[in-house]
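First up is the structure itself, then whatever we jot down about it.
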Amino acid sequence: MQRTSSVMGIQLSARFAAAACAVSVAAIGLASPALAAPYGPDATTPGEAAVAGALDAIANPATSTYGPMLDSIDDLPDASQRAAALNQLSPRNYRLLPRLAIQSMDATDREIRGYLVQRREMALDAGPDVPSSGDKTITFMLSYGLKQGKYEARTDRPSANSDSRSIRAGVDIAPVEGMILGATLGIDGLDANLDRSQQPRITQFNVNIGPYASYTNGKFYVDATAGYNRSYYKLRRQVSWTGFTDQLQARADGDNAAGTVEAGGILQVGALRAQPFAGLQYRYADVSGFAEHGGTAALGVARYKTESLRGSLGLRTTATVKKGSWAIRPMVEAQWQRELRSHPDSRIEAIFLDGGTPIFTLPAGRYARNAAIVGAGLTAVHGDRTALRLSYNGELAKDRRVHAFAITASRRF
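Position one of the sequence shown corresponds to residue 9 (this note's numbering), numbered consecutively onward.
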């Protein structure tokens with residue numbers, strides 16, 4: 009009887025141990041992430057697929073620093089939400105940076121060339137007592153500009169709205185009749201909001217310096233501008249979905265360059281002066297490599313760039329209305345612009361900074377290659393020394409709209 013009791017005790021103990029073991033295993037299973045890798049099937053864009061490939065390469069996802077982030081992705085109810093999470097993890101928000109630098113260089117170039125149009129009109133209408141060359145032709149220029157840009161969302165590229173303000177100064181001289189040689193220095197501050205639901209922002213500060221030149225013989229003209237632009241970026245990116253949020257920040261800079269040549273004819277048509285023209289614009293903008301900080305989703309991004317070569321054809325029309333000692337000159341222009349390079353934007357390479365993942369690549373973006381550029385200006389000239397100019401320039405393309413306004417004052421000494 010005693011032996012039977014002992015056997016029953018051993019059996020009960022064994023059953024209890026087995027049950028306890030089963031409960032422990034179940035508890036461990038409940039505590040561990042579900043981890044629905046591979047994530048590739050959820051991806052709907054090349055950028056999402058690149059991020060998915062990097063996450064799928066994590067050797068031990070459950071025990072890695074990425075575990076909570078991956079677990080939160082797995083808990084999302086459907087593939088579309090998991091794809092949206094992969095999209096947020098990519099460096100797509102930074103694709104726009106070189107384009108914002110080019111936007112700044114374009115505004116500088118158009119303001120300077122608008123100023124050269126004004127100077128050319130003044131020279132063509134000047135009386136015989138107005139000096140046409142030498143030290144009495146030194147002219148100082150000061151300009152203040154406002155710009156607004158809107159970029160529509162495309163594959164692996166967020167929508168964006170930007171606002172900027174700029175101030176620049178220039179000084180030039182006419183060394184020989186019909187020629188202007190000068191230099192300009194300007195600063196430009198820009199603030200961009202991307203995908204308002206996620207509240208990321210880009211703050212950009214640009215410094216621009218460069219020469220400009222113009223020559224006319226009364227029948228033809230050639231204008232040229234060049235510039236070096238230095239960009240400083242403050243970047244903020246929010247990665248957020250149900251169960252996960254990271255606030256990421258970074259700083260970056262860029263070295264940029266611009267050059268423009270425009271040549272055209274000068275035709276007098278009654279009271280109007282018409283200037284058909286053709287131009288070529290080169291723009292180069294890069295972004296230094298940088299590292300985000302602020303959470304598990306932080307990325308290290310390698311240097312990337314945009315190199316653009318654009319051709320343009322257009323027509324400009326001006327007129328002059330005399331009012332006592334004042335001359336009022338309205339101007340309108342329109343041009344068609346075409347990107348000549350097939351792939352101006354480079355790809356973006358990135359890596360998750362916590363390690364354990366390979367480098368992944370966001371393929372090169374594609375922007376609309378054709379754009380209409382429209383402009384209008386009104387110049388008031390007092391005597392033959394002082395001028396005040398109000399101007400507008402608009403860049404209109406399928407995926408973007410950029411509007412720029414400027415007021416420019418100049419004085420010959």
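Every residue, glycine too, gets a C-beta built ideally from N, C-alpha and C.
Beta bridge counterpart(s) of residue i as assigned by DSSP
i: TYR220; result: GLY190 and THR233
i: PRO49; result: According to DSSP, which records beta bridges pairwise, PRO49 is partnered with nothing at all.
i: ASN214; result: ASP196 and SER239
i: ASN201; result: ASN169 and ARG209
i: ASP86; result: For ASP86, which the question treats as bridged, DSSP gives no partner whatsoever.
i: PRO284; result: LEU323
i: LYS331; result: TRP334
i: THR314; result: ALA293 and ASP353
i: MET113; result: MET113 is not bridged to any residue.
Separation of residue j from residue i, as counted between CA atoms
i: GLY218; j: ARG100; result: 32 Å
i: PHE360; j: ASP353; result: 23 Å
i: ASP425; j: GLY75; result: This structure cannot speak to residue 425, because the chain is shown only from 9 to 421.
i: THR53; j: ASP164; result: 7 Å
i: ALA91; j: ASP407; result: 23 Å
i: VAL1; j: ALA335; result: Since the first and last residues shown for the chain are 9 and 421, residue 1 lies out of range.
i: SER170; j: GLN212; result: 10 Å
Residue environment, residue i, which counts as buried when at least 16 other CB atoms sit within 10 Å
i: THR145; result: buried
i: ILE120; result: buried
i: ALA293; result: buried
i: ASN422; result: Lying before the first or after the last residue shown, residue 422 is absent from the chain, which here runs from 9 to 421.
i: ARG118; result: buried
i: LYS330; result: exposed
i: PHE368; result: buried
i: PRO69; result: buried
i: VAL410; result: buried
i: GLN345; result: buried
i: SER141; result: exposed
Contact set for residue i: own chain, Cβ-Cβ below 7 Å, skip 5 residues either direction
i: ASN405; result: According to the sequence provided, residue 405 is Ala. The question's Asn does not apply to it. Once the five neighbours on either side are set aside, the close Cβ partners of ALA405 are ALA376, ASN378 and ALA379.
i: THR116; result: ARG176, GLY194, ASN216 and GLY235
i: GLY364; result: ILE66, ALA67 and SER72
i: GLY273; result: LYS227, PHE228, GLN283 and PRO284
Close beta carbons around residue i, own chain, < 6 Å, minus the five adjacent residues each side
i: GLY267; result: ALA234 and TYR290
i: SER152; result: Note that residue 152 corresponds to Tyr in the displayed sequence, not to Ser. Correct list, in chain order: ILE175 and ILE415.
i: ILE81; result: ARG90 and ALA93
i: TYR220; result: ILE120, GLY190 and THR233
i: ASP83; result: GLY251
i: THR314; result: PRO106, ALA293, PRO352 and ASP353
Test: residue i CB closer than 9 Å to a CB of chain D
i: ASN237; result: This model lacks chain D altogether; it includes just one protein chain.
Closer than 8 Å: residue i CB and nearest the ligand GTP heavy atom
i: THR365; result: This structure lacks the ligand GTP; in fact it carries no ligand of any kind.
Every unbroken beta strand (DSSP E) within the region 334-421, with a cutoff of 3 residues, ordered by chain: 334-347, 356-360, 368-370, 378-390, 394-405 and 408-420
Minimum length 4: unbroken alpha helix (DSSP H) runs contained in the region 91-142: Here the runs fully enclosed are 105-133.
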